[in-house]
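So the protein sequences, as listed, match chains A and B. Numbering-wise (this note's numbering), the first sequence opens with residue 9 and increments by one. Numbering-wise (this note's numbering), the second sequence opens with residue 19 and increments by one.
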Amino acid sequence: SQQGEEDPQALSIQEGENATMNCSYKTSINNLQWYRQNSGRGLVHLILIRSNEREKHSGRLRVTLDTSKKSSSLLITASRAADTASYFCATDARDSNYQLIWGAGTKLIIKP
Amino acid sequence: GAVVSQHPSRVICKSGTSVKIECRSLDFQATTMFWYRQFPKQSLMLMATSNEGSKATYEQGVEKDKFLINHASLTLSTLTVTSAHPEDSSFYICSARTVINQPQHFGDGTRLSIL
């Protein structure tokens with residue numbers, strides 16, 4: 009089942025620019041995770057941010073979490089053509105029996 | 019680390035055929051494995067959750083007699099699509115997890131096409 013909404017649904021930017029994707033959810037969570045999916049492939053885990061954390065970095069990725077607004081954002085800085093993919097957020101919560109609840113995804117296209 | 023191998027990557031077969039998809043965790047023990055279905059340009063739809071040594075828990079609307087799941091060991095789960103029909107054509111993805119509150123690790127998916 010899906011509880012998350014992501015925006016934008018699609019994003020097309022020039023290489024070198026920053027890309028920001030947003031995710032909203034509905035219930036209390038233990039953590040929120042971001043994944044990347046290249047076309048026709050499985051998903052790759054990017055970052056996990058716990059409910060008591062507000063910001064997390066990994067290389068060119070920065071994730072923020074605002075539990076009061078039930079939202080998260082993923083920022084990719086200095087984008088590269090290889091960042092072209094779909095990005096999904098997923099929430100992990102005891103109420104969902106620790107199954108991931110997935111957002112609809114954002115398709116990111118980086119133009120060279 | 020945390021590699022999940024899924025085979026086959028692509029299957030094309032005739033209607034009525036049963037198809038088995040394997041999901042293996044190569045370098046860790048997966049207490050829980052998940053099977054998803056993904057339609058074009060959509061998010062993941064959870065089909066079932068399986069824990070090693072116990073029966074799979076199916077999501078509402080997923081026919082357990084149609085989609086047989088076996089999680090015989092801590093490193094292997096299989097999904098068998100029985101008597102597949104064209105409407106079963108889809109992208110099937112497995113994932114594995116060691117403990118709760120940790121990320122899932124995904125296989126590369128199986129593209130199933132039923133003629």
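Just so it is clear, CB atoms sit at the ideal spot from N, CA and C, and this is done for glycine as well. Note that the structure is a prediction, hence the values are computed from the model and not measured.
Three-state secondary structure (DSSP) of R49 (chain A): The sequence position of residue 49 (chain A) within the first sequence is 41, counting from 1. In the three-state reduction of the DSSP assignment, R49 (chain A) falls in the coil class, being assigned neither a helical nor a strand state.
Q22 (chain A) at chain B interface by Cβ criterion, 8 Å: As a first step, residue 22 (chain A) is located in the first sequence; it is residue number 14 there, counting from the start. No, because no Cβ of chain B sits closer than 8 Å to the Cβ of Q22 (chain A).
C-beta neighbour in chain A for S72 (chain B), strict 8 Å: Residue numbering aside, residue 72 (chain B) sits at position 54 when the second sequence is read from its first letter. It does not; no Cβ of chain A falls within 8 Å.
Neighbour list for A45 (chain B) in chain A, Cβ cutoff strictly below 8 Å: Sequence index remark: in the second sequence, residue 45 (chain B) carries index 27 (1-based). Correcting the residue type first, residue 45 (chain B) is Asp in the shown sequence and not Ala. Neighbours of D45 (chain B) on chain A: none; closest Cβ ~15 Å, over 8 Å.
Span separating the alpha-carbon of A114 (chain B) from that of F46 (chain B): Residue mapping note: residue 114 (chain B) aligns to position 96 of the second sequence, counting from 1. Residue mapping note: residue 46 (chain B) aligns to position 28 of the second sequence, counting from 1. Across the structure, A114 (chain B) and F46 (chain B) are spaced so that their CA atoms are roughly 9 Å apart.
For D74 (chain A), three-class secondary structure by DSSP: Taking the first sequence and counting its residues from 1, the one referred to as residue 74 (chain A) is at position 66. Strand.
Supposed contact pair S87 (chain A) and G24 (chain A) - C-beta distance, whole angstroms, cut 8 Å: Here residue 24 (chain A) refers to the residue found at position 16 when the first sequence is read from its first residue. Here residue 87 (chain A) refers to the residue found at position 79 when the first sequence is read from its first residue. Indeed, because the Cβ distance is near 7 Å, the residues count as touching under 8 Å.
Contacts that Q126 (chain B) makes with chain A (C-beta to C-beta distance below 8 Å): Within the second sequence, numbered from 1, the residue matching residue 126 (chain B) stands at position 108. Sequence inspection shows Asp at residue 126 (chain B); the Gln mentioned does not correspond to that position. Ordered by position in chain A, the residues that pass the 8 Å Cβ test against D126 (chain B) are R49, G50.
I84 (chain A) to T100 (chain B) span [Cα, whole Å]: As a first step, residue 84 (chain A) is located in the first sequence; it is residue number 76 there, counting from the start. As a first step, residue 100 (chain B) is located in the second sequence; it is residue number 82 there, counting from the start. I84 (chain A) and T100 (chain B) have their C-alpha atoms roughly 42 Å apart.
Counted within 10 angstroms of its Cβ, other Cβ atoms place Q78 (chain B) as buried (16 or more) or exposed: By one-based count along the second sequence, residue 78 (chain B) stands at place 60. Exposed is the call here.
Cutoff 8 Å: N119 (chain B) Cβ touching any chain A Cβ: By one-based count along the second sequence, residue 119 (chain B) stands at place 101. It does: the Cβ of N119 (chain B) has a partner Cβ on chain A nearer than 8 Å.
Sheet register partners of R62 (chain A) (DSSP bridge): Residue 62 (chain A) sits at position 54 when you count from the first residue of the first sequence. R62 (chain A) pairs with nothing; no bridge assigned.
Element boundaries [beta strand (DSSP E), containing A27 (chain A)]: Reading the first sequence from its first residue, position 19 is the one you call residue 27 (chain A). Where A27 (chain A) is concerned, the enclosing beta strand (DSSP E) stretches over 27-32.
D106 (chain B) (DSSP reduced to helix, strand or coil): Here the question's residue 106 (chain B) lines up with position 88 in the second sequence. The DSSP-derived three-state label of D106 (chain B) is helix.
Chain B within 8 Å of G67 (chain A), Cβ atoms only: Within the first sequence, numbered from 1, the residue matching residue 67 (chain A) stands at position 59. So no, G67 (chain A) is outside the interface.
Through-space distance from S131 (chain B) to D106 (chain B), alpha-carbon basis: The residue labelled residue 106 (chain B) in the question sits at position 88 within the second sequence. The residue labelled residue 131 (chain B) in the question sits at position 113 within the second sequence. D106 (chain B) and S131 (chain B) have their C-alpha atoms spaced approximately 8 Å apart.
Inter-residue Cα distance where the pair is N88 (chain B) and L97 (chain B): Here residue 88 (chain B) refers to the residue found at position 70 when the second sequence is read from its first residue. Here residue 97 (chain B) refers to the residue found at position 79 when the second sequence is read from its first residue. Each residue's alpha carbon lies about 7 Å from the other.
Three-state class that DSSP yields for D83 (chain B) in the structure shown: Here residue 83 (chain B) refers to the residue found at position 65 of the second sequence. Three-state result, D83 (chain B): coil.
Sequence-distant residues of the same chain with beta carbon closer than 8 Å to N39 (chain A), five excluded per side: Here residue 39 (chain A) corresponds to residue number 31 of the first sequence, with the count starting at 1. Taken in chain order, the residues that qualify are L56, I57, R58, S59, T99, D100.
Cβ-based burial, V22 (chain B) [other Cβ within 10 Å; buried from 16]: Translated into positions along the second sequence, residue 22 (chain B) becomes position 4. The residue is buried, with at least 16 neighbouring Cβ atoms inside 10 Å.
Neighbourhood of G34 (chain B) by C-beta, 8 Å cutoff - its chain only, sequence neighbours within 5 removed: On the second sequence, position 16 is the one that residue 34 (chain B) refers to. Cβ contact annotation for G34 (chain B) (same chain, cutoff 8 Å, sequence separation greater than five): S101, A102, H103, in chain order.
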